[in-house]
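Enquirer: Here you go, one structure.
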Amino acid sequence: MREKAIGKMVIIGIVIVIIIIAGVAGYYLTMPKTRLKDTLIMGTTDSVESCLDPARAYDFFGWEIIQSLGCGLVEYRAGATGSIDDIVPSLATSWDVSSDGLVWTFNLREGVKYDDGTEFNATHVKYTFDRGMGIADEDGPFVGIGYSDIIENVTVVSKYVVKFYLKIPFAAFLSLMACQASYIVDPAYAPMDSVVEYVEGNPRASHPMGLGPYKLKSWTRVGGKDDEIRLEANPNYWNATGGYPKTKNIIIKMYADSAGLATAMNALEIDIAFRQLSATDINSMKTNTNLRVWEGTGAFIQYLVLQEKYAPFNETKIRQAIGAAINRTTIVQTVFLGQAQKLYSMIPIGMFSHTDAFQTLGDPNYTLTRELLSEFGYNEANKLSFKLWYESSGHYPQSPQQAQALKASLEASGVISVTLDSADWASYREKRRNEEMEAFILGWYPDYIDPDDYIYPFVHSSGGSWLHHNYNSTQMDELIAWARGNTSTTVRSNLYAEIQDLLVEDCPLVPLYQGSAYAVTKTNVKGIYLDITQSWRHWMVYAEE
Amino acid sequence: MTLRTYIISRILLTIPMIFILLTMVFIVVRVLPGDPVLLHFEKAENPEAMEEMRRKLGLDKPLWIQYFDYLSGLLRGDLGKSMAPGFYPVAQQIFSAFPATLELAIFSMIIAVLIGIFLGVEAAKAYNKPKDHAIRIFGIVTYAIPVFFLGMIFQITLGVGLHLLPVGLRKSPTMDAPVGLNIGGINLSTGLYTVDSLLEGNIYKFVESLRYLVLPSLTLGLVLSGVFIRLTRSNMLETLRLDFVTAAKARGLKERVVTYGYALRNAFLPVLTMMGLQFATLLGGAILTETTFSWPGLGRYIVDRINFRDYTAIQGAIVVFGIFVSIVSLVVDLLYAYLDPRIRL
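In the order they appear, the protein sequences are chains P and Y.
The first sequence begins at 1 in my numbering and counts up one residue at a time.
The second sequence begins at 1001 in my numbering and counts up one residue at a time.
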């Protein structure tokens, strides 16, 4: 009996040992041989918001991927400051503009092919813009930026020459051509009247481009959000002979939040972490010798909106008094731990024509605040009281802390009393539209890299109407129109200086801070450029062996 | 009542329960304040585009037609369209995320039950001794500890510190997802990576999938194990005092056989009931675990859709959760009836 039991145990033992040996052998036999050095793994908390069609895509990450899969007529050189001189050839080798600024002619690069081998020509340029403006997707950049208000028509002159006829002289036109919404689509994959959407299991059918440095190898979405994107070098890329892209394969993995992304980077499970890491994580990573923190100018700004519909914000001096009572140092140092810059203009630091116009109000200047408010009977006994709104669902970085810092800085004047209130992003937008908030914080990522994109959508009577702040100024409208229509960088710089001064005088908005851009990588990763264009150039990134 | 009659009556009871659930979800989503369509227009009201969105989502129809469309859609497996740009089918989005949550839930439940039963039995056996106190304290601590905190501790120690296990995601970035079994062009895939990798016959993928499962399922499993420890302990204490246990011991059966073979079998029924109930808690708990470990499951989907105010997607996810929990409780009831014939009386 006992012998039988021992025999049974021995057999079971032998079977378990065989299973373990087979398992270990199977694991090593089926394991891919060492990871290729031409593959980089990037982690992010981003996800493509809608799709990868320039006719609809209008989000930071969507544009990041579009930029790798497609090409525009022109592009910004790495390290750009937003000046017209930073724009370099891409699919167009040269261009010129008529003296009235209404006709732009582009000479296209010859012999360029899409990833499927189709040859690129001028008809595709016309097709791209006719399609984008024709579809006029409500959520897309063609409507958001207002292409149809700028472009009259696109005409094919010859196989490699194309002309754009504009409705208005538009100085930022080249910037517009460099932005991802203007990337050329392949008519074979881009229906004229509908947007190309995500097609599960078919990456090529999920985007309409094909001229960029990369091909979309796979795109996995889970629950409507990205789980993984794999990019593979496009051998037909026009600059492949120049050695681009430098890394053959890029794998982008999506993390649930900044904490998850930071943990993966600290565990060295990814090569690059880009967007969004918290300020504390970045500071702690700076001391980690296994990592490198890359810092660059950010194009993201946040500002305070004062609703002129409500008294006393209909009074210019009241708005100026608020503008004078803002302590930007607290916001930048306390809330963002120094990882942001104090901003004194709607035009960001690092962009041509930027001036520190709002510094004339002080930072803070409580004497001026008290002086201005006393004209309306406000003092320590009778404080100006209002509700300050902020977004509470994480749409902007550290919103509650920002609001707290703002409240503290305004109340430090001794003559202002602030009550904070918040709403999630969807409700916040609705409240803004319904003009329910008297003072609220908003943020902005640019569409195209030009001062126009930081001025026209905010303080022009037509362009800024979406803000519902009820600010209208004929003088401002005229200045903006002149600045938009002039092609001389010097003249435009002077006009934008005037506009920035007028903004301080009228004070419908108060700029608060400008975000800095951060990426964290392993120490062997090179080729990262974080400039004001906010472009993540996958094709320039590489890891040394 | 025979077992068959019991099964039929229990299934018939589930149908009105699910029907009431579906109706309540439909009503609740529609009485929420605010116009769900208006919320999705960024810059300005555009009546035409808003009307088009209402038409695409079927929100332009009278409520009773919407209700019947909703019910008939459900019968066809159609959960409506997401309100996000593109109007993608909600069912497709939910079922792409559901296997990840299910796999996490199953493994967490296995870990919770194994730890819970083992420690519960050991505590009962060592009643009022230091071992019993230690296990009870462990049970209370694991029950009280927040999922994200425990997860973070595991990440920092086993992942960042020792590089033993991955700190997040569902698979290695360089590994292709397991595809399951292909027979004559027909793909058999469950969406559960551990199962699909075995179907594919790829041991490497199986081990990798397990490696990525360890930390999230251990975290969630440990947190849940507290309940099972306490329940098993108290039931075992009662059972171990019963006459049949004394009789078994008197007949010279080994203590392990008496404890696990006889006593635990009797004490297991309440644990089984608790497993069913805890499955619902587990799906809820998975939301935090999924976020901590960047696990691409249904929990993250729901949080994301709530932030976007995607009413149709939220409605669809609640329906799927509800139906799933109803099915689990049905299965538990049937198992219970099978194991304990008194239930059918």
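By construction, the Cβ of each residue, glycine as well, lies at the ideal position given by its N, Cα and C atoms.
#1: Once you ignore the five residues that flank P/D424 on each side, which residues in its own chain have a CB closer than 8 Å to its CB?
#2: Are there 16 or more other CB atoms within 10 angstroms of the CB of P/D271, so buried, or fewer, so exposed?
#3: Quick one: list the residues of chain Y neighbouring P/G260, beta-carbon separation under 9 Å, in chain order.
#4: I'd like to know whether the C-beta atoms of Y/A1286 and Y/T1101 end up nearer to each other than 8 Å.
#5: If the cut is a Cβ gap below 7 Å, which residues of chain Y does P/K253 touch?
#6: My guess is that P/A178 and P/Y58 are in contact by the Cβ rule of under 8 Å, so how many angstroms apart are they, rounded?
#7: Could you tell me which uninterrupted alpha helix (DSSP H) segments, each at least 4 residues in length, are contained entirely in the region 225 to 313 of chain P, listed from first to last along the chain?
#8: If you reduce the DSSP assignment to three classes, tell me which class P/D85 lands in.
#9: At a Cβ cut of 9 Å, what residues of the region 134 to 166 of chain P count as close to chain Y, listed as they run along the chain?
#10: Would you mind telling me which residues of chain Y sit closer than 7 Å to P/N266, beta carbon to beta carbon, in chain order?
#11: Counting pairs of beta carbons, one from the region 291 to 299 of chain P and one from the region 510 to 524 of chain P, are three or more of them closer than 8 Å?
#12: So the candidates are Y/F1098, Y/D1078, Y/L1224; which of them puts its Cα closest to the Cα of Y/V1090?
#13: Under 8 Å by Cβ, that's how I've got P/P245 and P/P213 pegged, so tell me the actual separation to the nearest angstrom.
#14: Step through the CB atoms of chain P and report whether any lies within less than 8 Å of the CB of Y/N1128.
#15: Please give me, in chain order, every unbroken run of the alpha helix (DSSP H) with length at least 4 that falls completely inside the region 385 to 431 of chain P.
#16: Using a Cβ-Cβ cut-off of 6 Å (strictly less than) and excluding sequence neighbours within five positions of P/L410, which residues of its own chain qualify?
#17: Take every Cβ of the region 125 to 141 of chain P, pair it with every Cβ of the region 51 to 70 of chain P, and state whether three or more of those distances are shorter than 8 Å.
#18: Which residues in chain P sit within 9 Å of Y/R1309, going by Cβ to Cβ distance?
#19: Please list, in chain order, the chain Y residues whose beta carbon lies closer than 8 Å to that of P/I41.
#20: Quick one: does P/R56 have its CB under 8 Å from some CB of chain Y?
#21: Determine, using beta carbons only, whether P/F547 and P/E438 come nearer to each other than 8 Å.
#22: So P/A80 and P/T533 are supposed to be a Cβ contact under 8 Å. How far apart are they, rounded?
#23: For P/A517, which of helix, strand or coil comes out of DSSP?
#24: So for Y/M1175, helix, strand or coil by DSSP?
#25: Kindly say whether P/C51, judged by its beta-carbon, lies nearer than 8 Å to any beta-carbon of chain Y.
#26: When you compare the CB of P/V222 with every CB in chain Y, is at least one pair closer than 8 Å?
#27: In its own chain, which residues sit with a C-beta less than 8 Å from the C-beta of Y/L1188, not counting the 5 before and 5 after it?
#28: Does the region 83 to 94 of chain P come close enough to the region 217 to 231 of chain P that 3 or more CB-CB pairs lie under 8 Å?
#29: Going by beta-carbon coordinates alone, are P/F164 and P/W104 separated by less than 8 Å?
#30: If the cut-off is 9 Å on Cβ atoms, which residues from the region 1174 to 1200 of chain Y count as contacting chain C, listed in chain order?
#31: Let me check understanding here. Comparing Cα to Cα, which of P/A188, P/S47, P/Q339 lies closest to P/L211?
#32: Just checking my contact of P/A299 with P/P446 at CB under 8 Å: how many whole Å lie between their CB atoms?
#33: What did DSSP end up calling P/E200 once you bin it into helix, strand or coil?
#34: Any idea if P/D453 is buried or exposed, counting beta-carbon neighbours within 10 angstroms, 16 or more meaning buried?
#35: Between which two residues does the beta strand (DSSP E) containing P/D96 stretch?
#36: Within its chain, find whatever has a CB closer than 8 Å to the CB of Y/V1258; leave out the 5 residues flanking it on each side and keep chain order.
Expert: According to the structure shown:
#1: Within the same chain, P/D424 has close Cβ partners E391, S392, S393.
#2: Around the beta carbon of P/D271, 16 or more other beta carbons lie within 10 angstroms, which makes this residue buried.
#3: Result: Q1155, V1167, G1168, L1169, T1291, T1292, F1293, S1294.
#4: Going by C-beta atoms, Y/A1286 is nearer than 8 Å to Y/T1101.
#5: Taking the beta carbon of P/K253 as reference, the chain Y residues within 7 Å of it are L1169, P1173, listed in sequence order.
#6: Incorrect: roughly 16 Å between the Cβ atoms, too far for contact.
#7: The alpha helix (DSSP H) runs of length 4 or more contained entirely in the region 225 to 313 of chain P are, from start to end of the chain, 258 to 266, 279 to 285.
#8: In this structure, P/D85 counts as helix in the three-state DSSP scheme.
#9: Cβ proximity to chain Y below 9 Å picks out D137, E138, D139, G140, V143, G144 from the region 134 to 166 of chain P.
#10: Within chain Y, the residues near P/N266 are V1160.
#11: Segments in contact, yes.
#12: Nearest neighbour of Y/V1090 by Cα position, chosen from Y/F1098, Y/D1078, Y/L1224, turns out to be Y/D1078.
#13: So it is a contact: roughly 4 Å between Cβ atoms.
#14: Y/N1128 does not count as touching chain P.
#15: Here the runs fully enclosed are 399 to 411.
#16: Non-local beta-carbon contacts of P/L410 in its own chain, meaning distances under 6 Å to residues more than five positions away in sequence, involve A325, I416, V418 in chain order.
#17: The region 125 to 141 of chain P vs the region 51 to 70 of chain P: in contact.
#18: Chain P residues near Y/R1309: D424, W425, A426, S427.
#19: Scanning chain Y for C-beta atoms nearer than 8 Å to the C-beta of P/I41 yields P1173, T1174, reported in chain order.
#20: Closer than 8 Å to some Cβ of chain Y, the Cβ of P/R56 qualifies, so yes.
#21: Not covered by the structure: residue 547 of chain P. The range shown for chain P is 1 to 545.
#22: Right, their Cβ atoms sit about 5 Å apart.
#23: Residue state, collapsed to three classes: strand.
#24: Here Y/M1175 sits in coil by DSSP.
#25: It does: the Cβ of P/C51 has a partner Cβ on chain Y nearer than 8 Å.
#26: Any Cβ of chain Y closer than 8 Å to the Cβ of P/V222 would place that residue at the interface, and such an atom is present.
#27: Excluding residues up to 5 positions away in sequence, G1180, L1181, N1182, L1199 lie with their Cβ nearer than 8 Å to the Cβ of Y/L1188 in the same chain.
#28: No, because fewer than three Cβ pairs between the region 217 to 231 of chain P and the region 83 to 94 of chain P fall closer than 8 Å, the two stretches do not touch.
#29: Yes, these two residues count as a Cβ contact at 8 Å.
#30: Absent from the structure: chain C. Protein chains present are P and Y.
#31: Nearest to P/L211 by alpha-carbon distance, out of P/A188, P/S47, P/Q339, is P/A188.
#32: Taking the Cβ atoms as the reference, P/A299 lies roughly 5 Å from P/P446, within the contact range of under 8 Å.
#33: Looking at P/E200 - three-state DSSP - the assignment turns out to be coil, as it is neither helix nor strand.
#34: Counting Cβ neighbours within 10 Å, P/D453 comes out buried, since at least 16 surround it.
#35: It spans 92 to 97 - the beta strand (DSSP E) in which P/D96 sits, taken as one unbroken run.
#36: Counting only Cβ-Cβ distances below 8 Å, and skipping sequence neighbours, we find V1245, A1248, K1249.
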